[in-house]
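J.: Structure incoming, see below.
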Amino acid sequence: MSDITYRNLIVDGLWHNNQALVALLGLCPLLAVSNTAINGLGLGLATTVVLVASNTTVSLIRNFVRPEVRLPVFVLVIASFVTAIELGMNAYFHELHKILGIFIPLIVTNCTIIGRAEAFASKNNLRRSLVDGISIGIGFTLVLLILGGMRELIGQGTLFDQSHLMFGEAARGMTLKIENFHGMLVAILPPGAFIGLGLLIMVKNLIDKRLAVRAMAKTEYAEEIRGLAN
Amino acid sequence: MEFHTLSSPHTKRVNRVDKVMLQVVLALIPGITAMIFYFGWGVLINVVLACLSAVAFEAMVIRLRKRPVMPVLFDLSAIVTALLFAVAIPPLLPWWLVVMGMAFAIIMVKQMYGGLGYNPFNPAMAAYVLLLISYPVEMTSWMPPYLLAEHQLTLSQILAFKLSGILPGELTLDAITMATPLDQMRTNLDLNQMISEIRLSPLWGDFGGLGWEWIGNWFLMGGIWMVYKRTITWQIPLAFLTGLVSMATIFWLFDAESFPFPLFHVFSGGVILGAFFIATDPVTACTTRAGQLIYGAAIGVLVYLIRTWGGYPDAVAFAVLLMNMAAPTIDYYTRPRTYGHGEVKSE
Numbered sequence: 142m143s144d145i146t147y148r149n150l151i152v153d154g155l156w157h158n159n160q161a162l163v164a165l166l167g168l169c170p171l172l173a174v175s176n177t178a179i180n181g182l183g184l185g186l187a188t189t190v191v192l193v194a195s196n197t198t199v200s201l202i203r204n205f206v207r208p209e210v211r212l213p214v215f216v217l218v219i220a221s222f223v224t225a226i227e228l229g230m231n232a233y234f235h236e237l238h239k240i241l242g243i244f245i246p247l248i249v250t251n252c253t254i255i256g257r258a259e260a261f262a263s264k265n266n267l268r269r270s271l272v273d274g275i276s277i278g279i280g281f282t283l284v285l286l287i288l289g290g291m292r293e294l295i296g297q298g299t300l301f302d303q304s305h306l307m308f309g310e311a312a313r314g315m316t317l318k319i320e321n322f323h324g325m326l327v328a329i330l331p332p333g334a335f336i337g338l339g340l341l342i343m344v345k346n347l348i349d350k351r352l353a354v355r356a357m358a359k360t361e362y363a364e365e366i367r368g369l370a371n
Numbered sequence: 004m005e006f007h008t009l010s011s012p013h014t015k016r017v018n019r020v021d022k023v024m025l026q027v028v029l030a031l032i033p034g035i036t037a038m039i040f041y042f043g044w045g046v047l048i049n050v051v052l053a054c055l056s057a058v059a060f061e062a063m064v065i066r067l068r069k070r071p072v073m074p075v076l077f078d079l080s081a082i083v084t085a086l087l088f089a090v091a092i093p094p095l096l097p098w099w100l101v102v103m104g105m106a107f108a109i110i111m112v113k114q115m116y117g118g119l120g121y122n123p124f125n126p127a128m129a130a131y132v133l134l135l136i137s138y139p140v141e142m143t144s145w146m147p148p149y150l151l152a153e154h155q156l157t158l159s160q161i162l163a164f165k166l167s168g169i170l171p172g173e174l175t176l177d178a179i180t181m182a183t184p185l186d187q188m189r190t191n192l193d194l195n196q197m198i199s200e201i202r203l204s205p206l207w208g209d210f211g212g213l214g215w216e217w218i219g220n221w222f223l224m225g226g227i228w229m230v231y232k233r234t235i236t237w238q239i240p241l242a243f244l245t246g247l248v249s250m251a252t253i254f255w256l257f258d259a260e261s262f263p264f265p266l267f268h269v270f271s272g273g274v275i276l277g278a279f280f281i282a283t284d285p286v287t288a289c290t291t292r293a294g295q296l297i298y299g300a301a302i303g304v305l306v307y308l309i310r311t312w313g314g315y316p317d318a319v320a321f322a323v324l325l326m327n328m329a330a331p332t333i334d335y336y337t338r339p340r341t342y343g344h345g346e347v348k349s350e
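Residue numbers (my numbering), protein chains in the order written: chain D, 142 to 371; chain G, 4 to 350.
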């Protein structure tokens with residue numbers, strides 16, 4: 142697997158193999174807690190930390206675990222990290238932990254994490270697994286953040302509401318609010334999550350299509366130049 | 004020698020989409036006229052606004068999809084969606100909510116699934132539900148029918164309110180709006196009042212709300228005409244009404260003071276409109292005859308359940324959307340046996 146460059150790993154994690162927009166994994170937490178940007182960011186970062194830790198560990202133990210028992214072992218590794226994160230968040234971000242509630246322990250069932258452990262970390266060395274964990278995690282977090290921001294803005298006319306839960310009291314001023322705006326409630330409710338994610342996927346596919354058209358035009362242009370030169 | 008063809012079929016049935024849609028539009032006219040009569044110019048403004056924006060959005064999406072625009076616009080399906088939506092919403096709804104509802108109905112619910120014939124959900128009802136759960140205050144501010152209204156707004160006053168939200172003089176929104184009969188029934192039942200007590204209010208007519216029940220009658224006329232013209236089948240409306248009435252009768256016989264008279268349910272809210280015009284949408288309803296009976300009856304039962312124990316006063320839109328989801332499954336299990344292809348009996 143020497144053809145995997147770190148650059149490719151990062152681009153794949155953020156864009157081409159984005160777990161939320163392309164693989165559509167981990168939708169349960171993605172749809173459930175993305176009602177505000179801060180909730181999305183909180184869960185995204187927690188997931189990223191777990192992902193990086195589990196990818197690293199799985200990569201380190203990949204040569205000692207017999208293939209017959211690899212999945213239970215991976216699940217145990219992930220569960221331990223999730224437990225640690227949960228206790229940590231409860232201690233340091235107590236309010237946010239209360240809002241995210243059951244979805245922190247449920248990170249353990251996030252298909253993205255076991256998916257990366259099985260598909261990538263168990264077959265690659267430590268450094269690659271680490272980069273993969275970071276880029277996949279950030280890709281997932283970005284989608285959560287954008288979807289959360291979108292729903293929050295349309296649903297209640299604010300952005301980064303309750304940011305003090307995450308960044309401390311000093312961040313209260315970060316909240317943006319549109320005055321006299323009656324939000325469109327459906328965006329905050331569950332249907333808004335599905336419609337919002339659908340729209341994000343649509344935008345991504347549209348950009349991909351445009352890029353493909355442009356790349357094709359470029360090659361045609363290059364061939365034309367070559368033809369002229371000959 | 005000349006041979007006249009005398010064998011069947013003697014009559015042909017015109018089955019083009021635009022013909023069917025035109026019949027639906029014609030059948031809606033009496034009901035819409037009655038609504039304008041009872042609720043004033045707001046209804047007409049909604050109808051015009053909804054039709055214009057539906058056609059505009061439809062043309063826009065069809066252009067984006069690089070399809071020929073004219074055939075799609077002239078099949079009148081967007082107009083039918085707009086009319087059904089316009090009669091479901093309150094006459095005083097702000098203009099931008101009407102436009103937003105039509106944008107959602109045409110772009111998201113209809114065209115994103117592939118256009119007419121591919122949409123799993125009824126566009127008008129999906130838009131209605133979207134607005135109802137997003138803007139509950141605006142969507143439940145109904146005016147009373149003119150028989151009960153203390154303040155009559157003129158056309159220009161209504162137009163001004165719909166465009167800018169400004170009411171003439173000292174009037175407030177509370178002064179010109181009133182709970183709908185279903186709302187009234189529900190609120191008072193929650194206050195543990197008896198039905199004989201609730202019905203003392205001048206709000207009530209013979210069965211449903213004063214004025215409201217007559218609108219139901221006019222829609223019923225259009226609906227029966229559509230059944231007569233075979234634009235719709237009789238299975239869905241009949242099963243819908245039977246399902247609703249039988250549920251209502253059971254509970255009414257059980258306790259007539261806390262469960263309203265069955266005909267109250269039929270002539271309140273959107274039941275007649277729903278039974279004949281909305282549940283019968285050929286795209287989103289069941290297609291097999293047996294399936295249509297199940298589909299209609301289930302909507303009727305759901306309407307009763309949601310009205311009586313659910314969170315919203317009326318339930319036609321929710322019930323129709325829920326059964327839209329179930330329609331393909333019902334069709335699958337009620338497929339008629341092809342002639343000559345029975346089950347093979349083991350010998």
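Ideal Cβ placement from N, Cα and C applies to all residues, glycine included.
Mind listing which residues of the segment 128-161 of chain G have their C-beta closer than 8 Å to chain D's C-betas, in chain order?
T.: Residues passing the 8 Å Cβ filter: L133, I136, S137, Y138, P139.
J.: Measuring alpha carbon to alpha carbon, tell me which residue in Q238(G), E216(G), T180(G), A89(G) is nearest A53(G).
T.: A89(G)
J.: So, is the C-beta of V354(D) closer than 8 Å to a C-beta in chain G?
T.: no
J.: Is F281(D) near the ligand SAM, with its Cβ less than 7 Å from a heavy atom?
T.: Ligands in the displayed structure: none, and consequently the ligand SAM is not present.
J.: My guess is that G219(G) and F270(G) are in contact by the Cβ rule of under 8 Å, so how many angstroms apart are they, rounded?
T.: 5 Å
J.: Measure the alpha-carbon distance for K318(D) versus V28(G) and round it to whole angstroms.
T.: 44 Å
J.: If you reduce the DSSP assignment to three classes, tell me which class L242(D) lands in.
T.: The residue asked about is misnamed: residue 242(D) is Gly in this sequence, not Leu. In the structure shown, G242(D) sits in a helix (DSSP, three-state: H, G or I).
J.: So, is P263(G) buried or exposed, given that buried needs 16 or more other C-beta atoms within 10 angstroms?
T.: buried
J.: So N49(G) and L96(G) are supposed to be a Cβ contact under 8 Å. How far apart are they, rounded?
T.: 7 Å
J.: Of the choices I297(G), R68(G), I179(G), V319(G), whose alpha-carbon is the least far from that of V306(G)?
T.: V319(G)
J.: Excluding the five sequence neighbours on either side, which residues of its own chain have a C-beta within less than 8 Å of the C-beta of L166(D), listed in chain order?
T.: Q160, N251, C252, T253, G256
J.: Could you tell me whether the Cβ of L326(D) comes closer than 8 Å to any Cβ of chain G?
T.: yes
J.: Helix or strand or just coil, what does DSSP make of W312(G)?
T.: helix
J.: I want to verify the contact list: residues of chain G whose CB lies under 9 Å from the CB of L330(D), in sequence order.
T.: Under the 9 Å cutoff, chain G gives I136, S137.
J.: Taking S144(G) as the reference, which of M63(G), I92(G), T190(G) has the closest Cα?
T.: If we check each option's Cα against that of S144(G), I92(G) comes out closest.
J.: State yes or no: is the C-beta of P240(G) within less than 8 Å of the C-beta of T283(G)?
T.: yes
J.: Taking the straight line between their C-alpha atoms, what separation do you get for G154(D) and V210(D)?
T.: 27 Å
J.: Across the segment 177-185 of chain D and the segment 235-248 of chain D, are there enough close Cβ pairs to call them in contact, namely three or more that are closer than 8 Å?
T.: yes
J.: Taking the alpha-carbon positions, what's the E293(D) to F335(D) distance?
T.: 14 Å
J.: If contacts are defined as beta-carbon pairs under 8 Å, then S374(D) and N265(D) qualify, I think. What distance do you get, rounded to the angstrom?
T.: Nothing about residue 374(D) can be reported from this structure: the residues present for chain D run from 142 to 371 only.
J.: Starting from F261(D), follow the alpha helix (DSSP H) in both directions and report where the run begins and ends.
T.: No alpha helix (DSSP H) contains F261(D), which DSSP labels as neither H nor E.
J.: What does the alpha-carbon distance come out to for the pair I297(G) and A330(G)?
T.: Linking I297(G) to A330(G) through their CA atoms gives a straight-line distance of about 9 Å.
J.: By how many angstroms is the C-alpha of N122(G) removed from the C-alpha of M105(G)?
T.: 15 Å
J.: In whole angstroms, what is the alpha-carbon distance linking S143(D) and V75(G)?
T.: Because S143(D) carries a pLDDT of 48, less than 50, the predicted location of this residue cannot be relied on, and the following value inherits that uncertainty. Each residue's alpha carbon lies about 54 Å from the other.
J.: Find the nearest neighbour of R148(D) within the set V218(D), D273(D), L338(D), L341(D), judged by alpha-carbon distance.
T.: D273(D)
J.: May I ask you to report which of helix, strand or coil DSSP gives K318(D)?
T.: strand
J.: DSSP state of G212(G), grouped into three classes?
T.: Secondary structure at G212(G): strand, using DSSP grouped into helix, strand and coil.
J.: Just mark H323(D) as buried or exposed, buried being the case when its beta carbon has 16 or more other beta carbons within 10 Å.
T.: So H323(D) counts as exposed.
J.: Quick one: measure Cβ to Cβ for D334(G) and G294(G), integer angstroms, because I've assumed they're closer than 8 Å.
T.: With a Cβ gap of about 5 Å, D334(G) and G294(G) count as contacting.
J.: Along the chain, where does the alpha helix (DSSP H) containing W44(G) start, and where does it finish?
T.: 44-67
J.: So, helix, strand or coil for T299(D), using DSSP?
T.: strand
J.: Between the C-alpha atoms of I253(G) and L308(G), what's the straight-line distance to the nearest angstrom?
T.: 12 Å
J.: Can you tell which of T146(D), L326(D), W156(D) has its C-alpha closest to the C-alpha of V344(D)?
T.: W156(D)
J.: Measuring only the C-alpha atoms, how far is P71(G) from V83(G)?
T.: Cα-Cα distance, rounded: 20 Å.
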